[in-house]
Amino acid sequence: MQATGKLQYWIRHRWLYIFLIPGLIYLLVFKYVPMFGVVIAFKELNLIRGIWGSDWIGLANFTTLFDSPHFYRVLRNSLLLSIYQIVWGFPAPIIVALMLNEVRQMAFKRISQTILYLPHFISWVVLAGILINFLSPSSGLVNHLITSMGYGPVRFLMEPSYFRSIIVSAEIWKEVGWGTIIYLAAMTGIDPTLYESATIDGASRLQRIWYITIPGIATTVVILLLLKLGNILDNGFEQVFLLYNPLTYETADIFETYTYRIGLQDGRLSYATAVGLFKSIVGFVLIVSANYAARKISGKSIW
Amino acid sequence: MIEKGRRTAGIGLVAGMLVLSACSGGNNGNDKVGDTGGAEANAAANAGANGSEQVSIKIMANFSAADMAASEKPIFDRLEEELNVKLEFIVPPATGYKEQLQLSLVSGDYADLVFFPSETDESFINAVNDGVLVPINEYLDELPNIQAHTYDISWEALETKRDGDIYGVPRTSVARNDGFIVREDWLDNVGIEVPENREVTIDQFTDILRKFTFDDPDGNGKDDTYGFGAFLNGSKLIDPILSSQFGNLGWQKSDGGEFDFMTPMYDRTSDVYKEVLAYTQMAFKEGLVDPDSAVIDRNTSIDRFKRGISGVRYEFAGNAYGAEKGGKELNPETEISYLFIQDREGELKGVSYGTGTWGVWGVTAAAEHPQRTLEVLDWLLSDEGWDMIKFGVEGQHFNMEDGQRVYIDDVESPWRKNIVRRANDGDFFISPSHPSEEREKMRKWVDRSIETVEFSLDQGFIPPASKEPSFQDFKLIWDETITKIMIGELPVDAFDDLLDQWYAKGGQAYVEQMNEYIAGTQ
Chain A
1 MQATGKLQYW
11 IRHRWLYIFL
21 IPGLIYLLVF
31 KYVPMFGVVI
41 AFKELNLIRG
51 IWGSDWIGLA
61 NFTTLFDSPH
71 FYRVLRNSLL
81 LSIYQIVWGF
91 PAPIIVALML
101 NEVRQMAFKR
111 ISQTILYLPH
121 FISWVVLAGI
131 LINFLSPSSG
141 LVNHLITSMG
151 YGPVRFLMEP
161 SYFRSIIVSA
171 EIWKEVGWGT
181 IIYLAAMTGI
191 DPTLYESATI
201 DGASRLQRIW
211 YITIPGIATT
221 VVILLLLKLG
231 NILDNGFEQV
241 FLLYNPLTYE
251 TADIFETYTY
261 RIGLQDGRLS
271 YATAVGLFKS
281 IVGFVLIVSA
291 NYAARKISGK
301 SIW
Chain B
1 MIEKGRRTAG
11 IGLVAGMLVL
21 SACSGGNNGN
31 DKVGDTGGAE
41 ANAAANAGAN
51 GSEQVSIKIM
61 ANFSAADMAA
71 SEKPIFDRLE
81 EELNVKLEFI
91 VPPATGYKEQ
101 LQLSLVSGDY
111 ADLVFFPSET
121 DESFINAVND
131 GVLVPINEYL
141 DELPNIQAHT
151 YDISWEALET
161 KRDGDIYGVP
171 RTSVARNDGF
181 IVREDWLDNV
191 GIEVPENREV
201 TIDQFTDILR
211 KFTFDDPDGN
221 GKDDTYGFGA
231 FLNGSKLIDP
241 ILSSQFGNLG
251 WQKSDGGEFD
261 FMTPMYDRTS
271 DVYKEVLAYT
281 QMAFKEGLVD
291 PDSAVIDRNT
301 SIDRFKRGIS
311 GVRYEFAGNA
321 YGAEKGGKEL
331 NPETEISYLF
341 IQDREGELKG
351 VSYGTGTWGV
361 WGVTAAAEHP
371 QRTLEVLDWL
381 LSDEGWDMIK
391 FGVEGQHFNM
401 EDGQRVYIDD
411 VESPWRKNIV
421 RRANDGDFFI
431 SPSHPSEERE
441 KMRKWVDRSI
451 ETVEFSLDQG
461 FIPPASKEPS
471 FQDFKLIWDE
481 TITKIMIGEL
491 PVDAFDDLLD
501 QWYAKGGQAY
511 VEQMNEYIAG
521 TQ
């Protein structure tokens, strides 16, 4: 009887499961199978003998990593950039989504959304070119304004102290609109009768946002924040690589640029894998702890 | 019911195809396989002009275009016919070539003939050490054209393990001492006359940079020009503006001191390299260099020169006419000429970049016919092949009129000029489509840059000490400090401390091993 029930369940929901297949195959082929490659981190990779035939070297690559004076600088830079990205970049789309949600003039809302989404489609290569021109000490618009006010030009992209702010601002500008989509979708799921009751009870617009909208999207916010924490050491390669230079290495050199140099430029693939594995372990520990903390504190979590 | 079943099967099929296409697309979505399609007759039935059986040769190459231009096809058709081979090209996107190369080596799925960016590139050294590339010594006797048109120094550089085995065929580059292209119209505007031989002293050069920066050379009444246009090279470093002019000629016999052979860069008893750094620092501090130089790449620097923001930049003489043509598109007044800078003794000499090579072709262990694979390169360097490589194909690139080649405008040739080159053929680099008067002018400059070249004694040798993690890690500090010195954020004397640290981080072993190597070659 139970078996018939299960069969009926599968028959009823077969399309949902069929549509899952491409996604599962994608995950399997591109995410799970390559995971076996992490053994390279514990081997001295020989191109002819391949991954399995190469000699084991134990934790030698990790010892080198932790002994490297660059490791702590790269770790600090990656963490700081991530914290900046979370502190400034994470709330930005929530605020914009809340504002968009309050717009009653539909035409204006749609036009605003389209304009806000557009930067997402600009590649980092193009955006880096725009930034370099924009911030140029000789011909850039920003310095033109600064010099017209009687000050000397500022070499924005050559000063380590400006680097993180430039990257985070550019990322917010590029992604803030795109980031609102998920929150706007969450807001449409809030029961409209709650707003109606609140209006009848005399709640102001701000009170409705505070007491209805924000609690309504809280689960989405927590889940996205947890996922973001899992990627705390992932800062994005392109934007940093395209904009950094030896003068800003002090604050700009992060794990992505470090692994690019040692792995793809210097050919130390085993060592680069060890660095990548270290990043993944940190991300894993963080996401598990944050999930646990979120469940304890707010009762909301990913699993 | 049948209809429903059909619909289910149809949707399932589409989903399956989507998955398959997604999987295969992710694998090599960016690669283009250019099948030359020439000599397409049945391989099995073919016995070519040389009586041998037809073989397929797979080549992984770095070209600016993924597909062969139609105009170049006759060259490869002729090659295939002559050697009775079928060529299959794998051409990843040029901007990601190095990454694709590393990935293909790790995957174990490599072509018969693979192009490497240089003989000192880690991918090449790893491929040699791990046995991916095979020695080619035994085939060289049968490759007369390759032998005839390659610098000796290049062969020595390709003895990667220093045991006599040669691990590749160089894509030869003319070894030369390049100078600078300069805005001739700006020189006229600021009243500077340059001698007929285009050689100036360091002081005269500095004077040009100053006048280009401060004397409004474009006459627009604005302070918006700079003398020199620098850029970040592939390693994200600014190259010093002048170097050999202060006596930096790479590894040479030492005048005494701890080591028999020394390069000014690592010489603790000489101030030559500090003078090199001091000159660039002076130029940055005085504002003679485009201030964007520390953040822009070469292409952007070229563009800023074209727009009239900078007036001098480092360039191969053969590109002068192209630079003038490009400049005229924005400003018809643009005139470009060339400058050589003499050293402090009034002589003109400089080290060539590298060892007369601009990339290496390696034969992999996967090649079933190494000899015939190498014959492809040899044929391209033969008189017949080279004529087509250098001048193009009649009817495609040019038409013959009164016994003269008249070139057809805007015919693309992204492949043919990037496979092989003949040593000392500077003419090759000057486009035959340029006006003959311009070609003549440029040929003089190119010849001068070839005759004034000096070779560093290291011959591209990479001491094993450079593979130590602490040495490799120190490179970043080296790059940071050198850049900060050059742009004036640190005093030139900071170099002394940097060099001491470098010796402590493995530099001592590096210099000792280099000395041992050079002594063995003398």
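These protein sequences, in sequence, are chains A and B. Numbering-wise (the UniProt record's numbering), the first sequence opens with residue 1 and increments by one. Numbering-wise (the UniProt record's numbering), the second sequence opens with residue 1 and increments by one. Using N, Cα and C, we set each Cβ at its ideal position, and we do this for glycine too. Just so we're clear, the structure is a prediction, and the values are computed from it rather than from any experiment.
From the DSSP output, in three-state form, read off residue i for me.
i	result
B:R183	strand
A:N245	coil
B:R210	helix
B:F116	strand
B:L103	helix
B:G403	coil
B:A22	Any reading at B:A22 needs caution, since the residue's pLDDT is 36, under 50, leaving its predicted position unreliable; the model's value is listed next. If DSSP states are grouped into helix, strand and coil, B:A22 belongs with the helices.
B:P170	strand
B:F455	coil
B:D31	Low local confidence applies: a pLDDT of 38 at B:D31 is under 50, so the model's placement there is unreliable, with the coordinate-based value given in what follows. B:D31: coil per DSSP, three-state reduction.
B:G37	Low confidence applies to B:G37: its pLDDT is 39, below 50, so where it sits in the model is not reliable, and the reading given next is rough at best. DSSP places B:G37 in coil when its eight states are reduced to three.
B:Q513	helix
A:Y162	helix
A:S112	helix
B:K236	coil
B:D67	coil
A:V288	helix
B:Q252	strand
Identify which residue in the options has its Cα closest to the Cα of residue i.
i	options	result
A:V39	A:G236, A:T193, A:S289 and A:F278	A:F278
A:S270	A:R12, A:K31, A:L16 and A:I51	A:I51
B:M442	B:S431, B:N189 and B:T483	B:S431
A:N46	B:I75, B:F116, B:K475 and B:V132	B:V132
A:L80	A:I95, A:S165 and A:G152	A:S165
A:L226	A:W88, A:I281 and A:Y292	A:Y292
B:M60	B:M265, B:K306 and B:N418	B:N418
B:G426	B:E80, B:D178 and B:L103	B:D178
B:F228	B:P170, B:G247, B:S270 and B:I309	B:I309
B:L237	B:P491, B:F495, B:F246 and B:I482	B:I482
B:M400	B:S413, B:S433 and B:N319	B:S433
B:N62	B:I153, B:Q100, B:E199 and B:R448	B:Q100
Count the other CB atoms within 10 Å of the CB of residue i; is the residue buried (16 or more) or exposed (fewer)?
i	result
A:Q105	exposed
B:K325	exposed
B:D378	buried
B:R416	buried
B:M388	buried
B:R421	buried
A:H13	exposed
A:A128	buried
Express the C-alpha separation of residue j and residue i in angstroms, rounding to a whole number.
i	j	result
B:D402	B:G395	15 Å
B:R372	B:L158	20 Å
A:I132	B:K306	18 Å
B:V114	B:E82	22 Å
B:K253	B:F76	46 Å
A:W303	B:M265	58 Å
B:P73	B:K484	One detail in the question is off: residue 73 of chain B reads as Lys in this sequence, not Pro. Straight-line Cα distance between these residues: approximately 49 Å.
A:W88	A:S82	10 Å
B:Q102	B:T225	42 Å
B:E3	A:A185	Reliability of the predicted coordinates at B:E3 is poor, the pLDDT of 45 falling under 50, and the value obtained from them is presented with this limitation in mind. Approximately 37 Å, taken between the alpha carbons.
A:T150	B:E335	Contrary to the premise, residue 150 of chain A reads as Gly rather than Thr in this sequence. When rounded, the distance between both Cα atoms is 35 Å.
B:F455	B:P240	19 Å
B:T160	A:I57	25 Å
B:S104	B:A367	15 Å
Between residue i and chain D, is there a C-beta pair that is closer than 8 Å?
i	result
B:L277	Protein chains in the displayed structure are A and B, and chain D is not among them.
Pairing CB atoms from the stretch 229-240 of chain B with CB atoms from the stretch 289-302 of chain B, are three or more of them under 8 Å? yes
Inter-stretch contact at 8 Å, needing at least 3 Cβ pairs: the stretch 206-224 of chain B / the stretch 256-275 of chain B: no
Count the CB pairs spanning the stretch 319-334 of chain B and the stretch 172-190 of chain B that are closer than 8 Å, and state whether there are at least three. yes
So, does the stretch 213-221 of chain A touch the stretch 171-179 of chain A, judging by three or more C-beta pairs under 8 Å? no
Three CB pairs or more closer than 8 Å across the stretch 153-163 of chain A and the stretch 66-73 of chain A: no
Please determine if the stretch 252-266 of chain A and the stretch 112-131 of chain A are in contact, where contact requires at least 3 C-beta pairs separated by less than 8 Å. no
Any 3 or more C-beta pairs closer than 8 Å across the stretch 228-243 of chain A and the stretch 120-134 of chain A: yes
Evaluate contact between the stretch 482-500 of chain B and the stretch 461-472 of chain B, counting only Cβ atoms and requiring at least three cross-stretch pairs below 8 Å. no
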